[in-house]
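Peer 1:
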Amino acid sequence: MGLLFIPAAEIVLRLSCAYCTWTERNEGVFVPPYAVNARSWYYANDPNAVLSYQLSEFDYEKRTNSLGLRDIEHPLLKRSDELRLVAVGDSFTEARGARFDQTWLNQLGLMLNAGPGANQLTMMCGGVAGSDPFYSYRMLVDKLLPYRPDFVLLVVNNSDVSDVILRGGMERFQPDGTVRGVEPPPMPWLYESSQLARLILFEVFDYTHLLITRTEREKREQQAVEKLMALVGEFNTVLESQGVDFTLVLAPHHNELRRDRYERLDALKDYALQHQIDVIDTKPYLYSKLEEHEGKLADLYWPIDMHFTELGYRYFAEAIEIGLGPKIMRARSGSPDTTPPSP
Numbered sequence: 021m022g023l024l025f026i027p028a029a030e031i032v033l034r035l036s037c038a039y040c041t042w043t044e045r046n047e048g049v050f051v052p053p054y055a056v057n058a059r060s061w062y063y064a065n066d067p068n069a070v071l072s073y074q075l076s077e078f079d080y081e082k083r084t085n086s087l088g089l090r091d092i093e094h095p096l097l098k099r100s101d102e103l104r105l106v107a108v109g110d111s112f113t114e115a116r117g118a119r120f121d122q123t124w125l126n127q128l129g130l131m132l133n134a135g136p137g138a139n140q141l142t143m144m145c146g147g148v149a150g151s152d153p154f155y156s157y158r159m160l161v162d163k164l165l166p167y168r169p170d171f172v173l174l175v176v177n178n179s180d181v182s183d184v185i186l187r188g189g190m191e192r193f194q195p196d197g198t199v200r201g202v203e204p205p206p207m208p209w210l211y212e213s214s215q216l217a218r219l220i221l222f223e224v225f226d227y228t229h230l231l232i233t234r235t236e237r238e239k240r241e242q243q244a245v246e247k248l249m250a251l252v253g254e255f256n257t258v259l260e261s262q263g264v265d266f267t268l269v270l271a272p273h274h275n276e277l278r279r280d281r282y283e284r285l286d287a288l289k290d291y292a293l294q295h296q297i298d299v300i301d302t303k304p305y306l307y308s309k310l311e312e313h314e315g316k317l318a319d320l321y322w323p324i325d326m327h328f329t330e331l332g333y334r335y336f337a338e339a340i341e342i343g344l345g346p347k348i349m350r351a352r353s354g355s356p357d358t359t360p361p362s363p
């Protein structure tokens with residue numbers, strides 16, 4: 021009987037996928053957590069490509085422009101009556117899980133262009149699935165600022181903290197145009213191939229999917245948040261020097277919305293507000309919408325993929341419109357913006 025327990029336990033754990041990584045749940049493959057593309061500073065898709073997302077929960081095409089971004093092609097030359105808004109971030113900014121016309125950025129554009137001064141605001145997407153705020157900074161400064169945006173939104177979520185732990189901060193960018201990632205800890209024996217081994221590592225030895233203990237992870241999370249604070253300050257400094265309005269946007273993961281509490285982003289929000297940087301925290305508005313849906317997270321987030329559904333992206337856009345709308349109206353009228361940063 022004892023010999024049968026191990027394969028039986030492995031089968032049960034594989035079926036439940038209780039210790040699966042995100043890529044295993046969604047794509048059926050194991051990806052080493054510390055893997056980086058060392059060849060380029062820029063995290064983007066192939067340019068002018070047509071990609072397919074064919075997953076159990078959604079199925080759509082993703083088309084990229086010449087920068088490898090999920091967007092149409094925009095001319096460098098800006099019209100005299102045109103305002104431009106650039107959003108940078110990861111898969112939540114790219115709007116994984118939504119058709120192109122239903123991304124939050126396109127829905128936000130419809131909302132903001134519906135009133136006075138209609139059709140004067142151009143929305144530009146700089147979000148890339150799998151990216152993080154440091155890659156977003158390089159993409160913005162080197163590739164998107166030449167388009168002369170008037171507004172820049174940096175969308176940050178809980179996964180960005182883990183990404184910084186796995187990849188490092190600004191030190192990842194090497195002078196020769198390559199990227200040097202964080203030195204990975206050794207892969208525990210059988211970790212990649214055995215769910216039972218992961219159960220033992222997680223429950224007995226206190227491991228996490230970052231291949232470090234929870235205690236060590238908490239320490240590295242604090243370091244990562246500090247790096248993100250410095251980066252948000254750098255975003256603000258660079259954009260302020262060019263007369264570009266900068267706003268930090270916080271996006272809750274599904275568990276954070278369910279609990280109505282961020283795991284790591286409160287410190288980043290506090291830092292931004294202390295430094296007079298505008299913040300749009302979408303969690304209160306999304307939580308009110310979750311209550312309207314009687315707490316059914318599946319209405320707002322795909323249960324397996326865990327990104328927003330198209331409805332979730334619409335609510336996300338509405339939350340941003342509430343914080344950004346008055347600022348856009350003032351810019352259209354030519355009035356100075358004297359609004360203090362959002363609480």
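Note that the numbering used here numbers the sequence shown so that position 170 is 190, with each residue one more than the last. Quick reminder that beta carbons are idealized off the backbone N, C-alpha and C, glycines included.
(1) Bridge partners of LYS82, per DSSP?
(2) Rounded C-beta distance between THR113 and VAL184? I'm assuming under 8 Å.
(3) Quick check on PHE50: does DSSP put it in helix, strand or coil?
(4) Out of ASP325, ALA337 and GLU203, point me to the one whose CA is closest to PRO52's CA.
(5) Run the CB neighbour count on PRO360, radius 10 Å, all protein chains shown included, and call it buried at 16 or more, exposed below.
(6) Going along the chain, which residues of its own chain have a beta-carbon closer than 6 Å to the beta-carbon of VAL106, five neighbours each way excluded?
(7) Classify ALA287 as helix, strand or coil using the three-state DSSP reduction.
(8) Using the beta-carbon count (16 or more within 10 Å), is THR358 buried or exposed?
(9) Rounding to the nearest angstrom, what Cα-Cα distance links ALA250 and LEU35 in this structure?
(10) With C-beta atoms as the reference, is PHE328 less than 9 Å away from GLY109?
(11) Tell me whether ASN68, by its Cβ, gets closer than 8 Å to a heavy atom of the ligand GDP.
(12) Taking the alpha carbon of ASP152 as the point to measure from, which residue in GLU283, TYR63, MET349 and THR198 has its own alpha carbon closest?
(13) Do the stretch 244-260 and the stretch 281-290 make contact, defined as three or more Cβ pairs closer than 8 Å?
(14) For the beta strand (DSSP E) that PHE222 lies in, which residues bound it at each end?
(15) Leaving aside the five residues before and after MET21 along the sequence, list all residues of the same chain whose C-beta is less than 6 Å from its C-beta, in chain order.
(16) Please specify which runs of the beta strand (DSSP E), each continuous and at least 3 residues long, are wholly inside the stretch 226-307, giving them in chain order.
(17) Among ARG99, LEU103 and ASN85, which has the Cα closest to the Cα of PHE120?
(18) Sorted by chain position, which residues of the same chain lie with C-beta nearer than 8 Å to TYR167's C-beta, five sequence neighbours on each side aside?
(19) Under a Cβ-count criterion, where at least 16 other Cβ atoms within 10 Å of its own Cβ denotes burial, should ASP180 be classed as buried or exposed?
(20) Check whether the Cβ atoms of TYR155 and VAL148 lie closer than 9 Å to each other.
(21) Would you be able to state if there are at least three C-beta pairs under 8 Å between the stretch 255-262 and the stretch 206-219?
(22) Taking 9 Å as the threshold (C-beta atoms), are ASN46 and ILE342 in contact?
(23) So which of PHE336, LEU141 and ALA58 has the shortest CA-CA distance to ARG350?
(24) What is the DSSP secondary structure of MET21, counted as helix, strand or coil?
(25) Specify, as a first and last residue, the run of the alpha helix (DSSP H) that PHE171 falls within.
Peer 2: In brief:
(1) Per DSSP, LEU71.
(2) With a Cβ gap of about 16 Å, THR113 and VAL184 do not count as contacting.
(3) If DSSP states are grouped into helix, strand and coil, PHE50 belongs with coil.
(4) Ranked by Cα distance from PRO52, the first of ASP325, ALA337 and GLU203 is GLU203.
(5) Only weak support is given to the placement of PRO360: the predicted model assigns it a pLDDT of 48, under 50, and the question is left unresolved by the model.
(6) If we look at VAL106 and ignore the five residues flanking it on each side, its Cβ neighbours are MET144, GLY146, LEU164, PRO169 and VAL172.
(7) DSSP places ALA287 in the helix class (H, G or I) of the three-state scheme.
(8) With a pLDDT of 45 at THR358, under the threshold of 50, the modelled position of this residue cannot be trusted; read the value that follows with caution. Around the CB of THR358, fewer than 16 other CB atoms lie within 10 Å, so the residue is classed as exposed.
(9) Going from the Cα of ALA250 to the Cα of LEU35 covers about 42 Å.
(10) Taking a C-beta distance under 9 Å as the contact criterion, PHE328 and GLY109 do not qualify as a contact pair.
(11) In the structure shown, the ligand GDP is absent, as is every other ligand, since no ligand is present at all.
(12) Its Cα nearest to that of ASP152, the residue TYR63 stands out among GLU283, TYR63, MET349 and THR198.
(13) Judged by Cβ distances under 8 Å, the stretch 244-260 makes contact with the stretch 281-290, as three or more pairs qualify.
(14) For PHE222, no beta strand (DSSP E) encloses it; the enclosing alpha helix (DSSP H) starts and ends at 215-223.
(15) With a pLDDT of 49 at MET21, under the threshold of 50, the modelled position of that residue is not reliable, and the figure given next carries that caveat. Same-chain partners within the cutoff: there are none.
(16) As far as the stretch 226-307 is concerned, its whole beta strand (DSSP E) runs of at least 3 residues are 265-271 and 298-301.
(17) Closest by alpha carbon: ASN85.
(18) Non-local beta-carbon contacts of TYR167 in its own chain, meaning distances under 8 Å to residues more than five positions away in sequence, involve HIS94, LEU96, LYS98, ARG104, VAL106 and MET144 in chain order.
(19) ASP180 should be labelled buried.
(20) It is a contact, given that the beta carbons lie within the stated cut-off.
(21) Contact between the stretch 206-219 and the stretch 255-262 is absent, because fewer than three Cβ pairs lie under 8 Å.
(22) Going by C-beta atoms, ILE342 is not nearer than 9 Å to ASN46.
(23) Nearest option by C-alpha distance: LEU141.
(24) Reliability of the predicted coordinates at MET21 is poor, the pLDDT of 49 falling under 50, and the value obtained from them is presented with this limitation in mind. The DSSP-derived three-state label of MET21 is coil.
(25) Note, PHE171: premise wrong, no alpha helix (DSSP H); beta strand (DSSP E) at 171-177.
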